[in-house]
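*Asks:* First the structure, then my questions, so here it is.
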Amino acid sequence: MDQWPAERVVDLYGLDLSTTPEAAEHYNEALGRILRLESDAHAPLLAAVASDPSFAMGHATLAVLGHEFGTDSDTQAHFDRAVAVLDGTSERERLFIEAYSHRLSGDFDFLLSYLRAHPRDVLGISIAMPTIAFSGAYDVPEDAWLALEEMAPHFDDDWWFSGLMAFARQDQGRMDEARELAEHSLGLEPRGGNAAHAAAHVYFETGQHDEGLAWIDHWISDAGQDSTHRCHFSWHAALYELALDKTDAVVARYQRELAPPTVVGIRALVDASSLLWRFMVEQVDHDGCDPQAVIAAAGPTAFSPTTPFAVMHAAVAQATVGDERALAALATRCAASADPVMAGTMVTLIEGLQCYLAGDMSAAADAMVSIRSALTPIGGSYAQREVVLDTAISALIAARRGTEAAALLEQRLARRARPRDLILLDRASAAR
22 MDQWPAERVV DLYGLDLSTT PEAAEHYNEA LGRILRLESD AHAPLLAAVA
72 SDPSFAMGHA TLAVLGHEFG TDSDTQAHFD RAVAVLDGTS ERERLFIEAY
122 SHRLSGDFDF LLSYLRAHPR DVLGISIAMP TIAFSGAYDV PEDAWLALEE
172 MAPHFDDDWW FSGLMAFARQ DQGRMDEARE LAEHSLGLEP RGGNAAHAAA
222 HVYFETGQHD EGLAWIDHWI SDAGQDSTHR CHFSWHAALY ELALDKTDAV
272 VARYQRELAP PTVVGIRALV DASSLLWRFM VEQVDHDGCD PQAVIAAAGP
322 TAFSPTTPFA VMHAAVAQAT VGDERALAAL ATRCAASADP VMAGTMVTLI
372 EGLQCYLAGD MSAAADAMVS IRSALTPIGG SYAQREVVLD TAISALIAAR
422 RGTEAAALLE QRLARRARPR DLILLDRASA AR
């Protein structure tokens, strides 16, 4: 554009935008949807760059959505366009775009340095934090939460920041604080996905499965009906039902809300396959659930994982269909990695799954138990990583090592109630 408007144009958090008021309005609509974890944020962004083709942040944010979420946006084309129209933009916008260029190459250090200088860039913070929406920029989640603490003075009673902090608190095991922050955030913005996700974890980790199920079903059908990660909230609802031993209900939910084609891509692995594997190891009758359909819906790129979290879910998905050849290939790839978590913990996880499929339940149990204390660095939540414990308990019972299985179940029951664990405890007692 030939001339910027005389009035100051800013985003939702007061950061300058080098564009027209009309394009900024579209951009802020998209930013609000990203912060609430709602769907179709790319549509107003496309309107923004159509209104002002030289809007660098508009193009850069379309590149972010394409890269992080796999939207219809052409990641590289929009990023190239953002770089091409940098003249006349602010230093802050140029630095964000430079930071994201590093992120595209796998380097997060520049982004983290950028955020220290621009702590109210909520898009940048969202990218850096490991949440339901973004994979995060920190190798250890606790480092992310410490950085979030440092940003707190820049946000005064803000619904989005409170929701993000609620998620951090539950990950730290500070459930009372997490609940208070989530309720406060949802009171200000009922559609806030981060706060709702934190609340879902709090209900689960405090053993309030009945209350959690009622709450999440209401949220999904009301404030969360436009959530871009609706299937993951359905996965949380399924965990409540499984914990309550409502096996018919949880299988029906899978078929209704988590089976392909409703769920595709990486969420097919993270949510659908992981639930099917839990059905298998907990001996839940799930006739009519097709794990091979989930493999197809995930797509081939999901099985070229580059992080331990993705490896875990790819391996579990391959185990649901008994694909021993794919598991062996994945183990070989992980063993060649320079990352000790990939070459150590993930290889052991895969070997444990291979033993489970081969019927060597004692070896499978030993493998799963050996990595239980080493899982935090792979990322994700405790509820997601707990699939390893579920597999260990199942393998111990099948190996007739019931005393060890009972010990693991009793440890879990001491931490939080889970009615179905009482049924598993009976199975463990019978296997002694």
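First residue of the sequence shown: 22, per this note's numbering; consecutive thereafter. Think of the CB as a built atom: it goes at the ideal place given N, C-alpha and C, for glycine as much as any other residue. From a predicted model like this one, the values you see are computed outputs, not experimental measurements.
Do the CB positions of F188 and T227 come within less than 8 angstroms of each other?
*Replies:* no
*Asks:* How many angstroms separate the CA atom of D344 from the CA atom of Y275?
*Replies:* 22 angstroms
*Asks:* Between the C-alpha atoms of M22 and Q97, what's the straight-line distance to the nearest angstrom?
*Replies:* Its pLDDT being 44, under 50, M22 is placed unreliably in this model, and the value from its coordinates should be taken loosely. Rounded to the nearest angstrom, the two C-alpha atoms are 22 angstroms apart.
*Asks:* Assuming contact is defined by CB atoms lying nearer than 8 angstroms, are F117 and A81 in contact in what I supplied?
*Replies:* yes
*Asks:* Considering just the uninterrupted stretch of the alpha helix (DSSP H) at Q97, what are its terminal residues?
*Replies:* Taken as a continuous stretch (DSSP letters only), the alpha helix (DSSP H) holding Q97 covers T96 to A105.
*Asks:* Grab me the residues of T369's own chain with a C-beta within less than 7 angstroms of its C-beta, minus the 5 sequence neighbours each way, in chain order.
*Replies:* A388, S391 and I392
*Asks:* On the three-pair Cβ rule with 8 angstroms, is the stretch 305–318 touching the stretch 129–143?
*Replies:* no
*Asks:* So the candidates are L445, G109 and A120; which of them puts its Cα closest to the Cα of V302?
*Replies:* L445
*Asks:* Which of the three DSSP states is assigned to D387 in this structure?
*Replies:* helix
*Asks:* Quick one: is G194 buried, meaning 16 or more other Cβ sit within 10 Å of its Cβ, or exposed?
*Replies:* exposed
*Asks:* Does the Cβ-Cβ distance between T283 and C310 come in under 8 angstroms?
*Replies:* no
*Asks:* For A323, tell me which candidate among V291, A217 and A62 has the shortest Cα-Cα distance.
*Replies:* V291
*Asks:* Spell out the partners DSSP gives S111 in its beta bridges.
*Replies:* According to DSSP, which records beta bridges pairwise, S111 is partnered with nothing at all.
*Asks:* Is there contact here, the stretch 70–79 with the stretch 42–51, by at least three beta-carbon pairs under 8 angstroms?
*Replies:* In this structure the stretch 70–79 lies against the stretch 42–51, because at least three pairs of beta carbons, one per stretch, are closer than 8 angstroms.
*Asks:* Between F300 and L260, is the Cβ-Cβ spacing less than 8 angstroms?
*Replies:* no
*Asks:* Could you give the distance in angstroms between the alpha-carbon of L443 and the alpha-carbon of A426?
*Replies:* 12 angstroms
*Asks:* Helix, strand or coil: how does DSSP classify E210 here?
*Replies:* coil
*Asks:* Taking all protein chains shown into account, decide if R277 is buried (16 or more other Cβ within 10 angstroms of its Cβ) or exposed.
*Replies:* exposed
*Asks:* What residue from S122, A258, D231 and Q229 has the CA that sits closest to S242's CA?
*Replies:* A258
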